[in-house]
Amino acid sequence: MPGESSPTRTASVAEWAHAIARPTISPAGGSAAALAAAAAAALVEMVASLTTSREAYAPAHEEAKAARARAEGLRQELLILASADAESLQRFAQALALPRGSEAERERRERRKRSALQEGAEIQRDVLNGCAEVAALGLDMAERGLASARGDAGTAVFLAAGAARSASWAVRLNLGGEPGGSEFARLVDAAAVKLAEIEQAERRAKRLLEGHQPE
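This is the structure we're talking about:
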């Protein structure tokens, strides 16, 4: 409903789902991508914890402990980004509502729009970077973690890759109208490179789950 605020980092899954389902501009796809990546990080934590609880996996315990600690941090960071994206979208909506009767008003409105779009792109860049770390950790746990949880580690990689594709497109769509040689264009290019890295991890995870050795 109009006037309802966006969920905070500590909101439940049900609260986030309800908020995203509302017929409002915010929260939307950017928050959903960050939440998916946070769920992926939680899966890495789970697999890493299971791995450290098995003596048979003692050689992987230190790596699993490090993965669990970093995944926990990423989960919290991504939940914060989910809220930040919703707030950024609200600022974009406020910019759209500004008057545009005079030239000065139109210029002010355009500046506010571009500022909100840039902010949203930078948030999604951070989501994308988080996805890259989650995907790498998930792949490591799929390769060296508890064998019976390999599918869960693979799911972490797949969720991170899906969220990364969404984040990459958000960067492109938000900044697609900027000049080709600008800092914004470099941000778009960097997002494409990061996405390619994540999709490589996704392919390796698929091969691993199919029973093939990763590269």
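One point on numbering: in numbering that gives the first Met the number 0, the residue at position 192 of the sequence shown is 191, and numbering is uninterrupted.
Virtual Cβ for every residue (Gly too), placed ideally from N, Cα, C.
This structure is a prediction, so every number in the text was calculated from the model and none was measured.
- May I ask you to report which of helix, strand or coil DSSP gives Ile24? Reduced to three states, the DSSP call for Ile24 is coil.
- Closest residue to Ala27 among Ala92, Arg99, Gln199 and Glu201 (Cα-Cα distance): The option with the nearest alpha carbon to Ala27 is Ala92.
- Note the first and the last residue of the continuous alpha helix (DSSP H) segment covering Arg99. That residue, Arg99, is in no alpha helix (DSSP H); it is neither H nor E in DSSP.
- Would you say Ser167 and Ala190 are within 8 Å of each other, going by their C-beta atoms? If you check the CB distance, Ser167 and Ala190 come in under 8 Å.
- Query: What runs of the alpha helix (DSSP H), each 4 residues or longer, lie entirely inside the segment 58-127?
  - Reply: You should have 60-95.
- Query: Which of the three DSSP states, helix, strand or coil, is assigned to Leu136?
  - Reply: If DSSP states are grouped into helix, strand and coil, Leu136 belongs with the helices.
- Task: Consult DSSP for Glu209 and reduce its assignment to one of helix, strand or coil.
- Result: Three-state DSSP puts Glu209 in coil, outside helix and strand.
- Evaluate contact between the segment 62-75 and the segment 88-108, counting only Cβ atoms and requiring at least three cross-stretch pairs below 8 Å. No: the two stretches stay apart, fewer than three of their Cβ pairs being nearer than 8 Å.
- For the segment 104-118 and the segment 12-28, state whether three or more C-beta atom pairs, one from each stretch, are separated by less than 8 Å. Three or more beta-carbon pairs separated by less than 8 Å are not found between the segment 104-118 and the segment 12-28, which leaves the two stretches without contact.
- Message: Rounding to the nearest angstrom, what Cα-Cα distance links Gly129 and Lys205 in this structure?
- Response: Going from the Cα of Gly129 to the Cα of Lys205 covers about 20 Å.
- Could you give the C-beta distance for Leu158 and Ala39, rounded to a whole number, given that I count them as a contact under 8 Å? Contact between Leu158 and Ala39 holds: their C-beta atoms lie close to 4 Å from each other, under 8 Å.
- How many Å lie between Arg53 and Gln75 at the Cα? For Arg53 and Gln75, the distance between alpha carbons rounds to 26 Å.
- Nearest CA to the CA of Ala32: which residue from Glu118, Ala115 and Leu127? Of the listed residues, the one whose Cα sits closest to Ala32 is Leu127.
- Query: Can you round the beta-carbon distance between Ala47 and Met140 to whole angstroms, since I take them to be within the 8 Å contact cut?
  - Reply: 6 Å between Cβ atoms; contact.
- Nearest-angstrom Cβ-Cβ length linking Glu198 and Ala155, presumed shorter than 8 Å: Contact between Glu198 and Ala155 is ruled out by a C-beta separation of about 15 Å, above the 8 Å threshold.
- Message: Using 8 Å for Cβ pairs, my map puts Ala94 next to Ala115. What's the rounded Cβ distance?
- Response: Rounded, the Cβ-Cβ distance is 5 Å, consistent with contact.
- Task: Compare the C-beta of Leu207 with all C-beta atoms of chain B and state if any pair is closer than 8 Å.
- Result: Of the protein chains in this structure there is only one, and it is not chain B.
- Coil, strand or helix - Ser165 by DSSP: Correct three-state label for Ser165: helix.
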